[in-house]
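Number of protein chains: 2
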Amino acid sequence: MRVLVVGAGGVGSAATGIAARRDFYSRFVVADYDLSRAERTVEAVADDRFVAARVDASSAEAVAALCRAHDITHVLNAVDPRFVLPVFEGALAAGADYLDMAMSLSRPHASDPYRQTGVKLGDEQFEAAPAWESAGRLALVGIGVEPGLSDVFARYAADHLFSRIDEVGIRDGGNLVVEGYEFAPSFSVWTTIEECLNPPVIFEKDRGWYTAEPLSEPETFDFPGGIGPVECVHVEHEEVLLIPRWVDAGRVTFKYGLGREFIDVLRTLHKLGLDSTKPVRVGNAEVSPRDVVAAVLPDPATLGDKMKGKTCAGTLVTGLGKDGTPRSVYLYHLVDNEWSMREYGSQAVVWQTAVNPIVALELLAAGTWSGTGVLGPEAFDAVPFLDKLIEYGTPWEIREQ
Amino acid sequence: MRVLVVGAGGVGSAATGIAARRDFYSRFVVADYDLSRAERTVEAVADDRFVAARVDASSAEAVAALCRAHDITHVLNAVDPRFVLPVFEGALAAGADYLDMAMSLSRPHASDPYRQTGVKLGDEQFEAAPAWESAGRLALVGIGVEPGLSDVFARYAADHLFSRIDEVGIRDGGNLVVEGYEFAPSFSVWTTIEECLNPPVIFEKDRGWYTAEPLSEPETFDFPGGIGPVECVHVEHEEVLLIPRWVDAGRVTFKYGLGREFIDVLRTLHKLGLDSTKPVRVGNAEVSPRDVVAAVLPDPATLGDKMKGKTCAGTLVTGLGKDGTPRSVYLYHLVDNEWSMREYGSQAVVWQTAVNPIVALELLAAGTWSGTGVLGPEAFDAVPFLDKLIEYGTPWEIREQ
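See below:
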């Protein structure tokens, strides 16, 4: 296996650090638009299987050329979701398999955005499935932590815990705080605004996919690991589009534990139009208000050593157990920031995202997982993946509700 | 009397429209940095006493030169408070009297900003009082509605209603809504942020001036005219600096009826640093976050025809009445936006600000009001001013509490 990671930001660098401890590949190319960033990531692992390169992720041709130059067999896309399609297309053009952690972006319904879906997350990738199948190549989409591990949990529940699933509800929350800042998000605020203010998508078996108001249906979910109750709201997320394709469930939702304070901040930014990406004129400059919000807040990638707390990703499944009686379980994965900083020098949220595609690559290298076309994580047997996580030293758990 | 209005924005234009119906002056020059804006204001009144001019309000020399060119006797400053000092200095240099509606800006105490005052509102103007006195010229500062009419009310209460004043509390609120916008302030958001997030100043007779936390001591005040209860908080305002100089009161405060929603918006902007005027780098541009907030919101000066509701400015006075028994009265002035739009084509808040300096100019022209030095509205007899307001068709009222 010869891997190309596109993007040497937080997640790409963490994935590189995790991969450096494994031996399932012979070559690992780390590419970024900023070559010096890729070089720093490669220098940090000090391992001659690793090579830095420069790439323009907005160009499928550039991605394909880099694949060919290094005989790449697997492309791991670790850049901003705006570049999903060119990296995805570049991999196929070069005859490589492909993995990503976020899917092609949605576009809201033109006239009824808070009730009907428009172009859904991943639609543009699933449209290309016949081309991937006929080329005999695999695109494993949404294989970070959420989507990713959360989808694996859903498949595990369907195979081993339930005879009937009424609802799969992803619930993500944490208690990370950044010391010394009045307000400092633990994840890219640009992306958080994008996913939280897009119309959230919900799946129901007899209705199909539909949308709701942003930040709607608040509920308080009690997270494990000492995190405790956090206010969660509907958010647009890939699991809702992926899980129903392979797992039989009455309803699929994603609720994000933003907490009351962050929800209020997002509502205010939206009310004032400060979430907008459309440039406004300010003096002689033209700037996007959302970029200004990102510029005034501290960069979360640089805050790992000032953070304290844990992040939790998990899947709440409700239905009938194997014995036909009502059952509800929360399958989850916790990362303590202190642990991930000490062990890998990576912030918890970033590390928790990055470990999953490396586990998946190892299963693909061994042939434990295989397939062609455009497939989600729940298209594969969950057990070897969950076993591998334990082997990587980062266990998952089950809580009966 | 030959008047120069500096600034043809909302207030300057409204003042021009109000003055056009009066005959106490022979010349009225309307000047703006943008000559075309001044020309539009002059064209709207179609009266040959009015002339448009261009001026740079940041230059005392430019203001003085324009005064000399038109033999100006009185300068009315209607620009942003950042330009108070050059307009104030330019008027004195040219031997003209001066009026403004906001005073020179404050600077917080360097080490203890939320308990002690630093440079206070108007300090830099009062320091120049000896120069105005020796030149025999008058600077009548803070003669809009608040400060302005609110100060006149305090003087009226001291002269005619009370034998002892325990507290003068300015209370400003309204129920203006802008149709078709989720969030649209009815007054300049830049100035609102400035006054609401600066440390508010409070006066107590035995303690002097001191400061508090922004937006502190929320109270619900029941406004008249059908407005009803609105949440009010401490805000930095000129009255607190002016009233104690001429009126004997135990305590002076200013509380602004921002309402819960606006208070939350201001708190969020502050928490994120979006209230800052310090430029941040965004791509290749450098912008001040507060300017971006102003740029994404609709311009309140253009929204008069979409607004509905009333604005109320008033002074709550508590103490002992002339008969020595406890008394509490609210002296107030209401403007209905529908009335001000129909009668003058001006939005209510802007019109309510603009009428007061025109009344004051008329009293100065008649010699009813006279003086030298730097004086607040409460330095003059309140009765002729309040009578004149009624003559202008915009009555004030008293409510016993």
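Taken in order, these protein sequences are the chains called A and B.
Numbering of the first sequence is given in UniProt numbering, commencing with residue 1 and proceeding in unit increments.
Numbering of the second sequence is given in UniProt numbering, commencing with residue 1 and proceeding in unit increments.
Ideal placement from N, C-alpha and C gives every residue a C-beta, glycine not left out.
| Check | Outcome |
| --- | --- |
| For the alpha helix (DSSP H) that contains A/Tyr-156, what are its first and last residues? | 149-160 |
| Relative to the C-alpha of B/Tyr-114, which residue among B/Glu-213, B/Cys-196, B/Ala-52 is closest? | B/Glu-213 |
| Using three-state DSSP, classify A/His-270 as helix, strand or coil. | helix |
| Quick one: residues in its chain with C-beta nearer than 7 Å to the C-beta of A/Pro-326, no 5 flanking neighbours on either side, listed in chain order? | Leu-320 |
| Starting from the beta carbon of A/Lys-271, find every residue of chain B whose beta carbon is closer than 9 Å, and list them in chain order. | Glu-182, Phe-183, Glu-261, Val-265 |
| Cβ of A/Ile-227 within 8 Å of Cβ of A/Gly-144? | no |
| May I ask which residues mark the beginning and end of the beta strand (DSSP E) holding A/Gly-9? | It is not in any beta strand (DSSP E) - A/Gly-9 carries neither H nor E in the DSSP assignment. |
| Does A/Thr-277 pass the burial test, meaning 16 or more other C-beta atoms within 10 Å, or should it be called exposed? | exposed |
| Tell me the start and end of each unbroken alpha helix (DSSP H) in the stretch 304-384 of chain A that is at least 4 residues and wholly inside, in chain order. | 337-344, 348-366 |
| Which chain B residues sit within Cβ distance under 9 Å of A/Asp-248? | Near A/Asp-248 there are no residues of chain B at all, since even the closest Cβ is about 41 Å away, more than 9 Å. |
| Anyone know if the C-beta pair for B/Asp-166 and B/Thr-318 falls short of 8 Å? | yes |
| Please classify A/Ile-227: does DSSP put it in a helix, a strand, or coil? | coil |
| For the alpha helix (DSSP H) containing A/Thr-73, name the first residue and the last one. | No alpha helix (DSSP H) holds A/Thr-73; DSSP gives it neither H nor E. |
| Taking B/Arg-245 as part of the alpha helix (DSSP H), name the residues at either end of that continuous run. | 239-246 |
| Could you tell me how far apart the beta carbons of B/Val-63 and B/Val-87 are, in whole angstroms, since I believe they sit closer than 8 Å? | 5 Å |
| Quick one: does A/Thr-191 have its CB under 8 Å from some CB of chain B? | no |
| Quick one, which residues of the stretch 284-306 of chain A are near chain B if we go by CB-CB under 9 Å, in chain order? | Asn-284, Ala-285, Glu-286, Val-287, Ser-288, Pro-289, Asp-291, Val-292, Val-293, Ala-294, Ala-295, Val-296, Leu-297 |
| Let me confirm a value: A/Ala-57 is counted as buried when at least 16 other C-beta atoms fall within 10 Å, else exposed. Which label applies? | buried |
| In angstroms with no decimal places, state the Cα-to-Cα distance between A/Pro-229 and A/Ser-186. | 18 Å |
| Let me see if you follow: with CB-CB separation under 8 Å, is A/Leu-176 close to chain B or not? | no |
| Relative to the alpha-carbon of A/Thr-191, which residue among A/Leu-266, A/Ala-96, A/Ala-31 has its alpha-carbon at the smallest distance? | A/Leu-266 |
| Which parts of the UniProt domain "Saccharopine dehydrogenase NADP binding" (3-139) of chain A are runs of the beta strand (DSSP E), unbroken and 3 residues or longer, counting only runs that do not cross its ends? | 27-32, 50-54, 74-77, 97-100 |
| According to DSSP, simplified to helix, strand and coil, what is B/Arg-281? | strand |
| Would you tell me roughly how many angstroms separate the C-alpha atoms of B/Glu-338 and B/Asp-305, rounded to the nearest one? | 8 Å |
| Do the stretch 146-166 of chain B and the stretch 248-259 of chain B make contact, defined as three or more Cβ pairs closer than 8 Å? | yes |
| Evaluate A/Pro-300 with the Cβ neighbour count: other Cβ atoms within 10 Å of its Cβ, from every protein chain shown; 16 or more gives buried, anything less gives exposed. | buried |
| Go ahead and label B/Thr-302 buried or exposed: buried means 16 or more other beta carbons lie within 10 angstroms of its beta carbon, across all protein chains shown. | exposed |
| Can you list the residues of chain B that A/Leu-274 reaches, using a CB-CB cut of under 8 Å? | Leu-274, Val-292, Val-293, Val-296 |
| Let me know the secondary structure DSSP gives B/Asp-291 once reduced to three states. | helix |
| Check B/Lys-255 in the structure and name its three-state DSSP category. | strand |
| Secondary structure at B/Asp-264, three-state DSSP: helix, strand or coil? | helix |
| Could you give the distance in angstroms between the alpha-carbon of B/Asp-336 and the alpha-carbon of A/Ser-328? | 59 Å |
| Could you spell out the range, first to last residue, of the beta strand (DSSP E) harbouring B/Val-189? | Note, B/Val-189: premise wrong, no beta strand (DSSP E); alpha helix (DSSP H) at 189-197. |
| For the beta strand (DSSP E) containing B/Tyr-210, name the first residue and the last one. | 208-211 |
| How would you list, in chain order, the residues of chain B whose beta-carbon sits under 9 Å from the beta-carbon of A/Arg-22? | Neighbours of A/Arg-22 on chain B: none; closest Cβ ~38 Å, over 9 Å. |
| Pairing CB atoms from the stretch 278-286 of chain B with CB atoms from the stretch 200-215 of chain B, are three or more of them under 8 Å? | no |
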